[in-house]
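Read top to bottom, the protein sequences are chains A and B. The first sequence begins at 25 in the numbering used here and counts up by one. The second sequence begins at 25 in the numbering used here and counts up by one. C-beta: ideal position from N, C-alpha, C; glycine also. Since the model is a prediction, treat every value here as computed from it, not as a measurement. Heads up: the structure comes next, in structure tokens.
Protein chains: 2
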Amino acid sequence: MHALLCRQPPELVTDHAEPVRRSGEALIKLRVAGVCDTDLALSRGYMGFRGVLGHEFVGEVLEAEGTAWRGKRVVADINAGCGRCADCTLRGGHHCRERTVLGIAGRDGAFAERFTVPERCLVAVPDALPDDRAVFAEPLAAALHVLDDLPGDEGPIIVLGDGKLGQLVARAVLSRGRRTVVIGHHEAKLALARTAGAEAVLERDLGTALDGAPAVVEATGSASGIALAFRLARPRGTVILKTTISGPTTVDLSPAVINELRVVGSRCGDLSRAIDALAGGSIDPADLIVARYPLARADAALAHAATPGTLKVLVDG
Amino acid sequence: MHALLCRQPPELVTDHAEPVRRSGEALIKLRVAGVCDTDLALSRGYMGFRGVLGHEFVGEVLEAEGTAWRGKRVVADINAGCGRCADCTLRGGHHCRERTVLGIAGRDGAFAERFTVPERCLVAVPDALPDDRAVFAEPLAAALHVLDDLPGDEGPIIVLGDGKLGQLVARAVLSRGRRTVVIGHHEAKLALARTAGAEAVLERDLGTALDGAPAVVEATGSASGIALAFRLARPRGTVILKTTISGPTTVDLSPAVINELRVVGSRCGDLSRAIDALAGGSIDPADLIVARYPLARADAALAHAATPGTLKVLVDG
Numbered sequence: 025m026h027a028l029l030c031r032q033p034p035e036l037v038t039d040h041a042e043p044v045r046r047s048g049e050a051l052i053k054l055r056v057a058g059v060c061d062t063d064l065a066l067s068r069g070y071m072g073f074r075g076v077l078g079h080e081f082v083g084e085v086l087e088a089e090g091t092a093w094r095g096k097r098v099v100a101d102i103n104a105g106c107g108r109c110a111d112c113t114l115r116g117g118h119h120c121r122e123r124t125v126l127g128i129a130g131r132d133g134a135f136a137e138r139f140t141v142p143e144r145c146l147v148a149v150p151d152a153l154p155d156d157r158a159v160f161a162e163p164l165a166a167a168l169h170v171l172d173d174l175p176g177d178e179g180p181i182i183v184l185g186d187g188k189l190g191q192l193v194a195r196a197v198l199s200r201g202r203r204t205v206v207i208g209h210h211e212a213k214l215a216l217a218r219t220a221g222a223e224a225v226l227e228r229d230l231g232t233a234l235d236g237a238p239a240v241v242e243a244t245g246s247a248s249g250i251a252l253a254f255r256l257a258r259p260r261g262t263v264i265l266k267t268t269i270s271g272p273t274t275v276d277l278s279p280a281v282i283n284e285l286r287v288v289g290s291r292c293g294d295l296s297r298a299i300d301a302l303a304g305g306s307i308d309p310a311d312l313i314v315a316r317y318p319l320a321r322a323d324a325a326l327a328h329a330a331t332p333g334t335l336k337v338l339v340d341g
Numbered sequence: 025m026h027a028l029l030c031r032q033p034p035e036l037v038t039d040h041a042e043p044v045r046r047s048g049e050a051l052i053k054l055r056v057a058g059v060c061d062t063d064l065a066l067s068r069g070y071m072g073f074r075g076v077l078g079h080e081f082v083g084e085v086l087e088a089e090g091t092a093w094r095g096k097r098v099v100a101d102i103n104a105g106c107g108r109c110a111d112c113t114l115r116g117g118h119h120c121r122e123r124t125v126l127g128i129a130g131r132d133g134a135f136a137e138r139f140t141v142p143e144r145c146l147v148a149v150p151d152a153l154p155d156d157r158a159v160f161a162e163p164l165a166a167a168l169h170v171l172d173d174l175p176g177d178e179g180p181i182i183v184l185g186d187g188k189l190g191q192l193v194a195r196a197v198l199s200r201g202r203r204t205v206v207i208g209h210h211e212a213k214l215a216l217a218r219t220a221g222a223e224a225v226l227e228r229d230l231g232t233a234l235d236g237a238p239a240v241v242e243a244t245g246s247a248s249g250i251a252l253a254f255r256l257a258r259p260r261g262t263v264i265l266k267t268t269i270s271g272p273t274t275v276d277l278s279p280a281v282i283n284e285l286r287v288v289g290s291r292c293g294d295l296s297r298a299i300d301a302l303a304g305g306s307i308d309p310a311d312l313i314v315a316r317y318p319l320a321r322a323d324a325a326l327a328h329a330a331t332p333g334t335l336k337v338l339v340d341g
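Printed below as a string of structure tokens:
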């Protein structure tokens, strides 16, 4: 079958072995997948992953333990924990030490005709929710997870980065009714954020009016973004690190101590929460889609997504 | 009068001008002062400070607005805010944008025969509390401030660093009845921590038994300390940055995101809380004193304190 392997560059193969469904797992047929910046980082060697890429998807269940899931459209939590440890049983398993992560660590991903996911990770997609919205469930869940760390005090929430993740984070914060300011480098993408209801400012036009924000979400994945977040956050304010920078970063941490900032790492979120927001219509990210490719050209989809300034590229199963 | 100026190296002068007491300030006569690593950093150029060094002290009030303070033994909050902004009126002024900081920024410090401090920063020293304990009020207040950010869940609190600050942080955490493990490089200093009731481990003997701690307090002021803190903290655990590293630091921040750590900067604390702990006897740091010098030899005191492995050096007024 077709699958996109994590190589440098990513390699599309046509003879990838069919996945073997293990006990407790569902066999999924791909309907549509989304390209994430993490896919690009993985294909440059991040995490040392060598399997099938892809972790944002909508699929159809072909086989599962019982018959309840069969034929259903689903998305899934990408963290497949052991299911037995305290983290899995009490806290959702995102930090299970034995976890595999779909298309990222220890588990083949969704840029393939078929793949497997533990049944306990599945979330059903309501009939009325189209694939092209449901495919945002995984990154939107991560974006909505920001809400778990926002302080309650007044003032604008700053989102650094006008890319895919920054756009979703801005919509997540807006959905909570908070004033939201996106700071980025691309006028066209800032215009999209404005359409969604955010204020938006080119970083080069940034004065000091936003200094002292209660919370800054770093979604640029750059050392300069972290430095800017440290500058903009008010004393005792919150900086949420939403993107992983792989490897050593050179950054001046002294503002975090002097201003007693609370710097919070934020990774994956709750897929059900994202599906609810998408199905309820409070967040509609469909305008972020800029291109789509068939699975047989998934390598071209990743190359397109790697072009600077590109928003969401989809891969059709 | 004698004063120790922030130069490279620090310069003891005998003809420093007498301080002028302004409205709302108290004129203080030095009784005893402590040398802090920040004094050493300042004398290497940190913050660009050029005034009189010294911010840990016990003094006697010579003059103040009324007569209430006159003759009293006092310590003081080193942060002298404007007294009018929201930070000063609601939150103690540690983050007032116009603040001066005794012996650190914009205000001459305590390594002098006389100096001034705003009256609202003063805290009285109870008669029964000797100078050599009260002089720890400022650094102990900073150490006790760690308690404001400790999570409530079970497991040992790790303190990285067996120096002056690490020792005080360990005693602060112990005073809360929490299991405390100090990790350091010096067997003699680790023995002091054990005497105070902590467990203590040489870093080179550190296995994996402490991995997964609910909170790690970084008190080494080094990039390697931050990396170790990120390694030891459990997922969603707390890392408290208790020391400022001036300038750029190269550190891998990805564990903070992947493990969703909460990294909290922690600076100064409440002097009254420290005086209460010292007067009540729940914390006795007198065993950390290793040397004392007269003010006329304060330059030698700083040189002594700069010797690796040195604990608290005092300067007598």
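Could you tell me which of the options sits nearest to residue i, measuring between CA atoms?
i, options, result
"Glu42(B)", "His209(B), Leu146(B) and Leu51(B)", "Leu51(B)"
"Ala162(B)", "Gly78(B), Ile207(B), Gly179(B) and Asp276(B)", "Reading off the sequence, residue 162(B) comes out as Glu, not Ala. Considering only alpha carbons, the answer is Gly78(B)."
"Gln32(A)", "Ala152(A), Val159(A), Gly221(A) and Ala65(A)", "Ala65(A)"
"Ala100(B)", "Cys145(B), Ser67(B) and Cys109(B)", "Cys145(B)"
"Leu36(A)", "Phe135(A), Thr113(A) and Cys120(A)", "Phe135(A)"
"Gly304(B)", "Pro34(B), Ala158(B) and Arg74(B)", "Ala158(B)"
"Thr268(B)", "Ala301(B), Leu214(B) and Val288(B)", "Val288(B)"
"Ala129(B)", "Phe160(B), Phe73(B), Glu178(B) and His119(B)", "Phe73(B)"
"Asp61(A)", "Leu189(A), Asp156(A) and Ile181(A)", "Leu189(A)"
"Phe160(B)", "Ile313(B), Pro332(B) and Gly341(B)", "Ile313(B)"
"Leu153(A)", "Gly333(A), Ala310(A) and Arg316(A)", "Ala310(A)"
"Pro34(A)", "Asp235(A), Ser67(A) and Glu143(A)", "Ser67(A)"
"Ala257(B)", "Ala27(B), Asp173(B), Ala237(B) and Arg45(B)", "Ala237(B)"
"Asp173(B)", "Asp300(B), His40(B), Leu265(B) and Ala327(B)", "Leu265(B)"
"Leu335(B)", "Glu89(B), Gly58(B) and Val275(B)", "Gly58(B)"
"Pro175(B)", "Leu164(B), Asp155(B) and Val197(B)", "Val197(B)"
"Leu277(B)", "Ala301(B), Ala247(B) and Ser306(B)", "Ala247(B)"
"Glu284(B)", "Cys109(A), Leu28(A) and Gly117(A)", "Gly117(A)"
"Asp177(A)", "Thr262(A), Val147(A), Ala298(A) and Ala325(A)", "Thr262(A)"
"Pro142(B)", "Asp235(B), Ala215(B) and Gly48(B)", "Gly48(B)"
"Ile299(B)", "Asp235(B), Asp151(B), His40(B) and Leu29(B)", "Asp151(B)"
"Met71(A)", "Pro279(B), Ala330(B), Arg316(B) and Ile181(B)", "Pro279(B)"
"Leu326(B)", "Asp63(B), Cys106(B) and Leu114(B)", "Asp63(B)"
"Glu80(A)", "Val193(A), Ala330(A) and Arg55(A)", "Arg55(A)"
Quick check on the DSSP output: the alpha helix (DSSP H) that includes residue i runs from which residue to which?
i, result
"Thr113(A)", "Ala110 to Arg115"
"Thr219(A)", "Glu211 to Thr219"
"Leu198(B)", "Lys188 to Ser199"
"Leu164(A)", "Ala161 to Leu168"
"Leu146(B)", "Note, Leu146(B): premise wrong, no alpha helix (DSSP H); beta strand (DSSP E) at Leu146 to Ala148."
"Ala233(B)", "Unbroken run through Ala233(B): none, as it is neither H nor E."
Residue range of the beta strand (DSSP E) that residue i falls in?
i, result
"Gly249(A)", "Element bounds for Gly249(A): not the beta strand (DSSP E) but the alpha helix (DSSP H), Ala247 to Leu256."
"Thr140(A)", "Arg138 to Pro142"
"Lys336(B)", "Lys336 to Asp340"
"Arg157(B)", "Counting along the chain, Arg157(B) falls outside any beta strand (DSSP E), though it belongs to the alpha helix (DSSP H) covering Asp155 to Ala158."
"Ala322(A)", "Looking at the DSSP string, Ala322(A) is not in any beta strand (DSSP E); the run it does join, the alpha helix (DSSP H), is Ala322 to Ala329."
"Val56(B)", "Glu49 to Gly58"
"Leu184(B)", "Ile181 to Leu184"
"Val206(B)", "Thr204 to Gly208"
"Glu223(B)", "Glu223 to Leu226"
"Leu174(A)", "Looking at the DSSP string, Leu174(A) is not in any beta strand (DSSP E), and its letter there is neither H nor E."
"Ala243(B)", "Careful: Ala243(B) lies outside any beta strand (DSSP E) and carries neither H nor E."
"Val37(B)", "Glu35 to Val37"
"Ala27(B)", "Ala27 to Leu29"
I'd like to confirm something about residue i: is its beta-carbon nearer than 7 Å to some heavy atom of the ligand ATP, or not?
i, result
"Phe73(B)", "The ligand ATP is absent from the structure shown, which contains no ligand whatsoever."
Could you tell me how far apart the beta carbons of residue i and residue j are, in whole angstroms, since I believe they sit closer than 8 Å?
i, j, result
"Ala166(B)", "Gly293(B)", "5 Å"
"Thr204(A)", "Glu223(A)", "7 Å"
"Val337(B)", "Leu319(B)", "No, Val337(B) and Leu319(B) are not in contact; Cβ-Cβ is about 13 Å, not under 8 Å."
"Arg94(B)", "Met25(B)", "Their Cβ separation, rounded to whole angstroms, is 20 Å, which puts Arg94(B) and Met25(B) out of contact at 8 Å."
"Arg291(B)", "Val281(A)", "6 Å"
"Asp132(B)", "Gly201(B)", "Not quite, the Cβ-Cβ distance comes to about 40 Å (not below 8 Å), so this is no contact."
"Val225(A)", "Val170(A)", "Not a contact, Cβ separation roughly 19 Å."
"Arg255(A)", "Ala220(A)", "Not confirmed; about 25 Å, so no contact."
**Report entry** Given 8 Å, three or more beta-carbon pairs between the stretch 180-194 of chain B and the stretch 203-218 of chain B
**Finding:** yes
Query - Complete runs of the alpha helix (DSSP H) confined to the stretch 248-320 of chain A [at least 4 residues] - result: 278-282 and 295-304
Report task. Output the residue ranges of the beta strand (DSSP E) runs that lie fully inside the stretch 65-134 of chain A and measure 3 residues or longer, sorted by chain position. Result -> 80-87, 97-100 and 124-126
Query raised in the report: On the three-pair Cβ rule with 8 Å, is the stretch 257-277 of chain B touching the stretch 111-125 of chain B?
Result: Contact between the stretch 257-277 of chain B and the stretch 111-125 of chain B is absent, because fewer than three Cβ pairs lie under 8 Å.
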